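What follows is one structure encoded as structure tokens, with my remarks underneath.
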Amino acid sequence: PELVILVRHGESEGNVDNTVWWKKADHEIELTRKGQQQAAEAGKRINNILNSYNNNSSCNNHRRIIRNIHLHVSPFERTIQTAKYALPYFDNQYNNIKNEQQQQKRIVKEYHLCTQLREQEFGNTQNSQFCQYREEQKKVGRFWYRFPTGESGADVLDRVKSWWEDSLLNTNERYDYEQCDAVIVFSHGLTVRLILCQLFSWSINTFHSVYNARNCDLYVL
1 PELVILVRHG ESEGNVDNTV WWKKADHEIE LTRKGQQQAA EAGKRINNIL
51 NSYNNNSSCN NHRRIIRNIH LHVSPFERTI QTAKYALPYF DNQYNNIKNE
101 QQQQKRIVKE YHLCTQLREQ EFGNTQNSQF CQYREEQKKV GRFWYRFPTG
151 ESGADVLDRV KSWWEDSLLN TNERYDYEQC DAVIVFSHGL TVRLILCQLF
201 SWSINTFHSV YNARNCDLYV L
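Just so you know, we're using UniProt numbering here: the sequence shown kicks off at 1 and counts up by one.
Now the structure itself:
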């Protein structure tokens with residue numbers, strides 16, 4: 001694809017109340033009202049990015065106009081909701097291109113729920129011992145520490161690499177298939193950082209120096 005945009009989910013119930021993690025499974029945690037608004041604003045920013053890219057493309061014969069879009073979404077409720085509230089602002093919209101002869105609608109052609117893009121597994125349940133696990137994590141390192149019945153950052157990196165190589169890079173490899181111009185990814189703070197880690201070959205020390213983006217921040221690749 002010509003363009004990849006990474007989006008962290010909007011503000012969730014767990015971002016404002018840590019006790020929610022003890023009451024709900026991680027994949028069930030939803031957006032707050034503020035998170036829904038953040039997702040809508042992210043959709044508007046995505047629309048502006050696509051329009052800006054297309055106007056540059058209309059002046060550059062080596063770049064395609066963005067018409068066909070695929071979504072890759074973590075199957076957690078907060079990421080599904082983020083995509084839902086963002087989507088109306090960039091799907092089925094006319095490209096704002098100076099050259100009127102190139103005017104065409106942008107369409108989201110495919111929507112994929114990708115388990116490889118889910119949040120790090122912190123364990124089947126997050127209970128009163130979780131604070132103890134966090135202290136252990138500080139000693140071992142955020143990349144290496146594996147939560148009981150959960151994952152380490154290294155585990156997440158392995159599945160992110162698999163998604164990047166097997167899914168994203170092969171997006172346009174199918175025969176008799178309409179070309180995908182852009183992929184928009186809705187995922188989680190750590191997962192997004194590990195996508196950047198494998199893409200830019202960060203060292204472990206570099207990874208440890210980088211923290212989550214804000215809710216609904218975008219990375220344009």
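Every residue, glycine too, gets a C-beta built ideally from N, C-alpha and C. None of the values given here were measured: they were computed from a predicted structure.
{"Check": "Which residue's Cα is closest to the Cα of residue 153: 69, 13, 25 and 118?", "Outcome": "118"}
{"Check": "Apart from the five residues just before and just after residue 183, which ones in its own chain have a Cβ nearer than 7 Å to its Cβ?", "Outcome": "1, 4, 70, 72, 168 and 171"}
{"Check": "Are the CB atoms of residue 86 and residue 25 nearer to each other than 8 Å?", "Outcome": "no"}
{"Check": "Just tell me which of 207, 107 and 112 has its CA closest to the CA of residue 80.", "Outcome": "112"}
{"Check": "Do you know offhand how far residue 204's Cα is from residue 136's?", "Outcome": "18 Å"}
{"Check": "What does a CB cutoff of less than 6 Å around residue 207 pick up in its chain, not counting 5 residues either side in sequence?", "Outcome": "143 and 197"}
{"Check": "Under a three-way DSSP split, which group does residue 29 fall into?", "Outcome": "coil"}
{"Check": "Going by beta carbon distance, what residues of the same chain come within less than 6 Å of residue 10, once the five residues before and after it are set aside?", "Outcome": "31, 35, 38, 39, 82, 215 and 216"}
{"Check": "Check this for me: beta carbons of residue 6 and residue 185, under 8 Å apart or not?", "Outcome": "yes"}
{"Check": "Considering only their Cβ atoms, is the gap separating residue 12 from residue 187 smaller than 8 Å?", "Outcome": "no"}
{"Check": "Is the separation between the beta-carbon of residue 50 and that of residue 76 shorter than 8 Å?", "Outcome": "no"}
{"Check": "Assuming residue 136 is part of the alpha helix (DSSP H), what are its boundary residues?", "Outcome": "130-140"}
{"Check": "Can you tell me whether residue 149 is buried or exposed? The criterion is at least 16 other CB atoms within 10 Å of its CB, across all chains shown.", "Outcome": "exposed"}
{"Check": "Can you name the start and end residues of the alpha helix (DSSP H) that residue 195 belongs to?", "Outcome": "189-199"}
{"Check": "Would you kindly report the start and end of the unbroken alpha helix (DSSP H) that includes residue 208?", "Outcome": "204-209"}
{"Check": "Consult DSSP for residue 106 and reduce its assignment to one of helix, strand or coil.", "Outcome": "strand"}
{"Check": "Compare the C-alpha of residue 129 against each of 8, 19 and 192 and name the closest.", "Outcome": "19"}
{"Check": "Can you grab the Cα-Cα spacing for the pair residue 194 / residue 221, in whole Å?", "Outcome": "14 Å"}
{"Check": "Could you tell me the alpha carbon to alpha carbon distance between residue 218 and residue 8, rounded to whole angstroms?", "Outcome": "7 Å"}
{"Check": "So, helix, strand or coil for residue 64, using DSSP?", "Outcome": "coil"}
{"Check": "Would residue 106 be called buried (16 or more neighbouring beta carbons within 10 Å of its own) or exposed?", "Outcome": "buried"}
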